[in-house]
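Take a look at the structure set out below.
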Amino acid sequence: MASGANAVTSKVITQWNQKILFDILDMIHDVVLVIDSDTTIVYANQAYAEILGVPVQKVLGRRLDTIEPDAAVIRVQRTGGVIHNGRSYLTSVGIDVVGSMFPLYEEDQVIGSVAVFKNLSEVVHLTQELQRTKGVADHLQEQLNQRDGLPISFQEYIGQNSRLRETLKLAVKVARTESTVLIRGESGVGKEVLARAIHNCSRRSTKPLIKVNCAAIPENLLESELFGYEEGAFTGARKGGKMGKFELAHGGTIFLDEVGDMSLAMQAKLLRVLQEREIERVGGNKTIKLDLRVIAATNRDLDKMMDEGTFRRDLYYRLNIVPLYLPPLRERKDDIPALAEYYLKKCDQQFDSPSLTLSSGARELLQRYDWPGNIRELQNALEHAAIVSGGAYIEPQHLPANLWRDGKVVSEAPDSAYGMKDAVAKIERELIASALKKANGNRSQAMRVLGISRRAFYDKLKRYNLGQFDPSV
Ligand SMILES: Nc1ncnc2c1ncn2[C@@H]1O[C@H](COP(=O)(O)OP(=O)(O)OP(=O)(O)O)[C@@H](O)[C@H]1O
Ligand SMILES: [Mg+2]
């Protein structure tokens, strides 16, 4: 006896006629195709006719092995197997399809087979369209990532000065190559920041950037630091040996900072690595092949060192493939305001202070000073001022005393917004600094020259942060 559910189903089915079932099959987008044992098409829905581009009636009764001899639906008849979501190509119409094919049985006899498949051309077309759109999106993203033509890894690099921009543009170009780079510039100009930006913009960006400060490591340790060592290479050598910086940088970039401070002996060893692109650990005899990019930096005058014989010329040529020069801050004073603003914002976050502002006097002082310690000195001076001021407003006297070393009295008209207070402070500070300088640091003498009381003098000394004033500078 039929179960309840089956009874309902058979009742529904019997109420329907064949036509309705065929109408349903014609409504679906997937192809439904039935062939008999000699591959004659006994049923095909509308979707199949659409693929072939002919009415269904023209298809029925034709043999599939004459239309599509290699069709998977013919294969499953022969093998008796089933194909689930198989992909194939219909040569007759030149389209990719994906679908399932299975044989039809009647009492263990294969009497035909059925194919239900989907035309993939639409999916292929959509995928192509998606790729094209993605290409456009990537291009737009790339444009967004660039500011003034510089990629994102260079955006931390503050500076609009034209000479600096030339260097940065060249740096971007070279970053995408494998060339060795030599960065030159005074101390604190941002050589390390640039080396990082180059690495981050290169195809090695996901690999390590290993920095070696050639000046900070004692000569006798530098070799094992760079090349590593094998166990027992020397007394105190670690068990199992140790990898050197070159090995650690394998696949990535090695940044040889202060390369001008290497001894001639080490220079010879470095030259060998650059030529051979391989190393041997100290105390070892195995050669290790290396794949790395070299970025070197120095604040030394290598030309002079070569003339003096303290820097190898052959090493210089190996390193100086693409020279990048970072100008000192005094030669790009136009960048001081932007840099100052950047560092004051950093101080705001660091000290959790309200937004720090520079008085016009302070701004002027920053602009007048020569910054021998370059950006690092500017950064330190502003941090110093942020602490000393204790408030939101940075006045000249909050800046380090050495910024005042020329002792000149500022005579320009003060900024109207902070007029008197600023101007008086500026003049007072300069007068005191100048008196101290003239008196060779003798405070009593300076006090007399200025004609003010001891108490007022010491108050001002403190207020203007001149307690550590060094008259010799
Ligand atoms: N263009 C810049 N924008 C913002 N900060 C910078 C920039 N250049 C350098 N700095 C900052 O200045 C300081 C000094 O930079 P860096 O250490 O790269 O200089 P350097 O040339 O390697 O100096 P040294 O020769 O003394 O090693 C760092 O704190 C760095 O963050
Ligand atoms: Mg450095």
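Letter by letter, the sequence shown follows residues 74 to 546 in the numbering used here.
Heads up, the beta-carbon is just placed ideally off N, CA and C, and yes, glycines get one too.
These numbers come from a predicted model, not from an experiment.
On the three-state DSSP scale, how would you describe residue i?
i, result
"Ile409", "helix"
"Ser161", "strand"
"Ser186", "strand"
"Tyr389", "helix"
"Asp211", "helix"
"Leu137", "helix"
"Glu351", "strand"
"Arg425", "At residue 425 the sequence reads Asp, which differs from the Arg that was named. Three-state result, Asp425: coil."
"Ala288", "coil"
"Leu177", "strand"
"Ala459", "helix"
"Phe384", "coil"
"Leu282", "strand"
"Gly434", "helix"
"Ala369", "strand"
"Ile231", "coil"
"Val132", "helix"
"Gly333", "helix"
My assumption, with CB atoms under 8 Å, is that residue i sits in contact with residue j. Please give the rounded CB distance.
i, j, result
"Gln190", "Val149", "Here residue 190 turns out to be Phe, not Gln, going by the sequence shown. The Cβ separation is near 12 Å, so there is no contact."
"Ser336", "Glu292", "5 Å"
"Ile361", "Glu320", "6 Å"
"Leu255", "Pro396", "5 Å"
"Pro427", "Ala454", "With 8 Å as the limit, Pro427 and Ala454 do not qualify as a contact, their Cβ atoms being about 20 Å apart."
"Leu412", "Tyr442", "Not really, about 13 Å apart at Cβ, beyond 8 Å."
"Thr113", "Glu141", "With 8 Å as the limit, Thr113 and Glu141 do not qualify as a contact, their Cβ atoms being about 13 Å apart."
"Ile467", "Leu431", "5 Å"
"Gly301", "Gly314", "7 Å"
"Pro469", "Gly434", "4 Å"
"Gly185", "Val115", "7 Å"
What does the Cβ neighbour count give for residue i, buried or exposed, with the cut at 16 atoms within 10 Å?
i, result
"Gly524", "exposed"
"Glu229", "exposed"
"Asn158", "exposed"
"Lys312", "exposed"
"Asn358", "exposed"
"Arg276", "exposed"
"Gly317", "buried"
"Pro400", "buried"
"Thr570", "Lying before the first or after the last residue shown, residue 570 is absent from the chain, which here runs from 74 to 546."
"Ser235", "exposed"
"Glu298", "buried"
"Arg405", "buried"
"Asp143", "exposed"
When every heavy atom of ligand 3 is checked, does at least one fall within less than 7 Å of the C-beta of residue i?
i, result
"Ser432", "The ligand content of the structure shown is limited to ligand 1 and ligand 2, which means ligand 3 is not among them."
Those residues, in chain order, that have a beta-carbon closer than 6 Å to some heavy atom of ligand 2: Lys264, Glu265, Asp330
Validate contact between the region 255-264 and the region 441-448 using beta carbons, cut 8 Å, 3 pairs: Between the region 255-264 and the region 441-448 there are three or more C-beta pairs closer than 8 Å, enough to call the two in contact.
Contact between the region 327-343 and the region 273-286 (3+ Cβ pairs under 8 Å): yes
The region 454-461 touching the region 406-425, judged by at least three CB pairs closer than 8 Å: yes
Three-pair Cβ contact test at 8 Å for the region 98-109 versus the region 118-133: yes
The region 177-186 / the region 199-208 touching (three or more Cβ pairs under 8 Å): no
Sufficient close CB pairs (3 or more, under 8 Å) joining the region 379-396 to the region 429-443: no
Three-pair Cβ contact test at 8 Å for the region 533-542 versus the region 505-514: yes
Three or more C-beta pairs below 8 Å linking the region 371-388 and the region 236-252: no
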